Amino acid sequence: MAELRIYNTMSGEKELFTPQRDGRVSMYVCGPTVYNYAHIGNARPVVVFDCLYRVLNVRYSEVRYARNITDIDDKIIHAAKERGADIETVSREFTEKYREDMAALYALAPTIEPKATDHIEEMVSLTLRLVETGHAYESHGHVLFAVESMQSYGALSGRKLEDMLAGARVEVADYKRHAGDFVLWKPSSESEPGWDSPWGKGRPGWHLECSAMIRAHFGESIDIHGGGRDLIFPHHENERAQSCCAYGGDFVRHWMHNAHVGMDGEKMSKSLGNTRTVRELLSHYPGEVLRCALISAQYRSPLNFSEILLEQARSTLDNWYRALRRYGSQGDFSIPIAETAVYGALMDDLNTPEAFAVMHAAAATLNKSADDAEIERARAELLTGGELLGLLNSNPDEWFQQDVKSEGLFADQIEVQIEARAAAKASKDYQLADDIRAALEAEGVMLEDGPDGTTWRRGA
RNA sequence: GGCUCGGUGGCAGAGUGGUUAUGCAGCGGAUUGCAAAUCCGUCUACGCCGGUUCGAUUCCGACCCGAGCCUCCA
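Take 93 as the starting number for the first sequence in my numbering and just add one per residue.
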């Protein structure tokens, strides 16, 4: 059986994945700060780690997958203020929308979805512990982590404290002992949300929640911690500092980070304002097309987002669905998932492009083979591959007949036209037959004559 | 300025010390009333310069170019 190998950001190498406890895997992926819609870049880690979750579930008997919701953050405070709404209203609304959007991309629900505001107590006690052990200090109402107190600070992101100061872009605040010190707990004004703490009314710093929630739900260390590349520093470096200094232990055995989705060769980010929301894209493309596009490159490679990318993803899916349509997508197959080539490809650090190549090969086999055993094998490969990749969720006819642009043109009307054309063809009135076909094409319906009659699909 | 990653054929995108990635697009053919779909065949590759090697796209070094992080960010 193939063994799982994953690239560990910490070591910079692909490593054999071994869970801490036999057969049981713990995975934590950084989720959204819920103050507006998720963009397509936010969706990449969700889809990537969803693929990993699916693979892990085949290999291990118990997989616990946590994806947090950051529901207290200054950005949410600002968003609420702008809309004149409660913070809870904003965070609840966008939590819901986030769940809907990710579900539309066929991301399975995580095992747990911890919320920051449900773990304030744990965050306070974590901060307290860091103060007691000399890794944190109070200054001007803030509690700060002292980066110099940790020998290996910077080990994850591969940087040294001296190097970081060279750029001189770290926030220089005179209440910090070292410019790299970061906030664990900060004071809240009357108008800001806050919780009682040994340091007065305040709220947590950005990095604190993940450390506290991992501790609360998984204990000292987890097997996999994932997120986007941009989180390596400072977020994950600081999480690691907090957790290791407070509780000791490994904290995280395998760090995984996905590369970004680009837009016209530039980074897509909310601050640059060049984002496309998942919600908006879903009104133009099926979720499966978006998902397919997101995993068309290996997760550690940058992915440039474009209409061309989406059209390629659509034709890739068309290709597979077309092959599936020949033999139907229903029925049992006897090949264990762990023995499929798609599984093997994904076990190699989620090599989705190689998995795609396997899928294409299986589709080609279905298109041309006359050997029952071969066909069965290819069907199994395609269908189980679809399960692992989170693709091919529809039945082929639904897939090809969705999104017909024409208004008021229903399937039964199309069938009537197909029959009329068949009659025209039978009487060798090819002019009429072609006119019917052209008229349907103008309505976004493509006809395909096959040995068993004519089928239709939405056109380009 | 510091750190990290990458430069593959028209485009997208894997991989490898010596045999086809794969997909889209193109071209030729089969099939079709004509198409579409499918099948068969086929053309453009590994940034640049050195080094190691019998042999490098694949390892090493320099160079050029690009991206990311160093500040909220998936």
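Ideal Cβ placement from N, Cα and C applies to all residues, glycine included. Quick caveat: nothing in here was measured; it's all calculated off a predicted structure.
According to DSSP, is residue i part of a helix, a strand, or is it coil?
i: R448; result: The sequence shown places Phe at residue 448, not Arg. Note: F448 maps to helix in three-state DSSP.
i: E205; result: coil
i: R113; result: strand
i: D163; result: coil
i: H232; result: coil
i: R549; result: strand
i: T225; result: coil
i: H346; result: strand
i: T408; result: helix
i: L484; result: coil
i: A260; result: In this predicted model, A260 has a pLDDT of only 49, less than 50, meaning its place in the structure is not dependable; the value taken from the coordinates is given anyway. Of the three classes helix, strand and coil, the one that applies to A260 here is coil, per DSSP.
i: A130; result: coil
i: D463; result: coil
i: T457; result: helix
i: T219; result: helix
i: D521; result: coil
i: D44; result: In the structure as shown, the chain begins at 93 and stops at 552. Residue 44 is therefore absent and cannot be evaluated.
i: S335; result: helix
Quickly, what does DSSP pair residue i with across the bridge? List them, please.
i: H352; result: According to DSSP, H352 bridges with nothing at all.
i: K278; result: R295
i: L395; result: V353
i: S561; result: For residue 561 there is no data in the structure shown, the boundaries of the chain being 93 and 552.
i: W287; result: G294
i: E479; result: E479 is not bridged to any residue.
i: G318; result: V121 and M348
i: G542; result: G545
i: F237; result: A228 and F274
i: K106; result: Y99
i: R156; result: S118
i: K359; result: G354
i: T367; result: Paired residues: none, contrary to the question.
i: V138; result: Answer is none; V138 lacks a bridge partner.
i: V537; result: R550
Can you round the beta-carbon distance between residue i and residue j to whole angstroms, since I take them to be within the 8 Å contact cut?
i: Y419; j: L481; result: About 19 Å; that fails the 8 Å criterion.
i: I316; j: H346; result: 5 Å
i: R159; j: V121; result: 5 Å
i: A195; j: I164; result: About 24 Å separates the two Cβ atoms, so there is no contact after all.
Buried or exposed: residue i, going by 16 or more other Cβ atoms within 10 Å of its Cβ?
i: P290; result: exposed
i: R471; result: buried
i: T476; result: buried
i: E214; result: buried
i: Q509; result: buried
i: S183; result: buried
i: Q334; result: buried
i: F186; result: buried
i: F492; result: buried
i: H170; result: exposed
i: P378; result: buried
i: D166; result: exposed
i: L407; result: Reading off the sequence, residue 407 comes out as Ser, not Leu. Per the 10 Å Cβ criterion, exposed.
i: E329; result: buried
i: I132; result: buried
i: L539; result: buried
i: Y245; result: buried
Between which residues of its own chain and residue i is the CB-CB distance below 6 Å, once the five residues before and five after are set aside?
i: S342; result: Looking at the sequence provided, one finds Asp at residue 342 rather than Ser. So the qualifying residues of the chain are S313.
i: A525; result: R513, A516 and K517
i: A351; result: R321, R392, S393 and P394
i: Y152; result: G115 and V117
i: G294; result: W277, K278, P279, S280 and G286
Could you pull out every residue in the same chain whose Cβ sits closer than 8 Å to the Cβ of residue i, ignoring the five residues on either side in sequence?
i: Y99; result: E105, K106, E107, M348, R392 and D441
i: A94; result: A430, Y435, G436, M439 and D440
i: T225; result: C337 and A338
Is the closest heavy atom of the ligand SAM to the C-beta of residue i under 6 Å?
i: E95; result: Ligands displayed in this structure: none; no statement on the ligand SAM is therefore possible.
Leaving out five residues on either side along the sequence, give the residues of the same chain with a beta carbon under 7 Å from the beta carbon of residue i.
i: N443; result: Q390 and A437
i: F425; result: E468, R471, A472 and L475
i: A405; result: V381, C384, A385 and S388
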